[in-house]
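Residue numbers (full-length UniProt numbering): 1 to 176.
Heads up, the beta-carbon is just placed ideally off N, CA and C, and yes, glycines get one too.
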Amino acid sequence: MQQPELNVVPLLPEGEVVRTQYKLMARITTTAAGVIKGNSSVKGYEQWVQAVDFKTSTVRNFDAQDQLIGVPDAKFFRLTTLWDGGGIVPLTQSIFTGEDVTTCDIHCLRSGPQGEVQPAVLITLSQAKVLEVDYVYSHVAGPLVIVDLHPVSFKIVDNLNRYEFSWNLSRLSREA
């Protein structure tokens with residue numbers, strides 16, 4: 001496997017390329033907020049998503065000994081999806097602001113030469129927390145649901161370029 005540069009974080013292709021050449025799917029397993037029907041939790045949520053953005057701005061605060069203070073923030077993945085045709089908001093049935101996400105797999109699929117579906121990129125988020133669930137009612141395509149997820153670490157497997165990349169956001173370091 002090719003080793004990427006340590007200070008370069010692989011990203012999905014540019015947004016317009018993703019919209020025209022790729023299909024994205026996120027499978028999210030959460031620890032349900034509050035008690036839903038006794039002790040049950042919501043698992044195995046699956047949804048096609050229209051866009052995945054990785055926001056890379058990071059705030060770093062240091063003490064007098066030049067040690068990083070606290071956990072860096074403002075590094076998160078944003079999933080955006082349309083409401084379904086029935087007017088139901090599927091994401092809000094299982095995902096809440098502040099909730100812990102036990103697993104989140106984001107699949108970036110593309111069409112192969114013979115029209116077959118190829119797994120292009122797989123992003124796995126570990127120990128993520130839901131920063132915010134938001135809605136955009138005025139979008140031209142219809143109402144949108146937006147979910148921002150902040151993981152402790154994430155792993156990107158790029159099947160097209162044949163390399164893997166793991167990053168720990170709590171230490172701001174590349175994982176082996």
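With 16 as the cutoff for other CB atoms within 10 Å, does residue i come out buried or exposed?
i	result
V147	buried
V130	buried
L101	According to the sequence shown, residue 101 is Val rather than Leu. By the neighbour-count rule (16 or more Cβ atoms within 10 Å), V101 is buried.
residue 177	Within the shown structure, residues of the chain are numbered from 1 to 176, placing residue 177 beyond reach of any answer.
D158	buried
V117	exposed
For the candidate residues the options, whose alpha-carbon lies nearest to that of residue i?
i	options	result
K155	N161, V145 and N168	N168
N161	K129, F77 and A120	A120
F76	G112, S153 and P113	S153
T80	E99, G98 and I106	I106
G98	S170, L149 and Y163	L149
Could you please give the first and the last residue of the uninterrupted beta strand (DSSP E) stretch that includes residue i?
i	result
T102	D100 to S111
E132	V117 to V136
F165	Y163 to N168
F96	Here F96 belongs to no beta strand (DSSP E), and DSSP marks it neither H nor E.
residue 178	For residue 178 there is no data in the structure shown, the boundaries of the chain being 1 and 176.
Could you tell me how far apart the beta carbons of residue i and residue j are, in whole angstroms, since I believe they sit closer than 8 Å?
i	j	result
L122	P151	About 14 Å; that fails the 8 Å criterion.
C108	A128	That pair is no contact at about 18 Å.
V133	F96	7 Å
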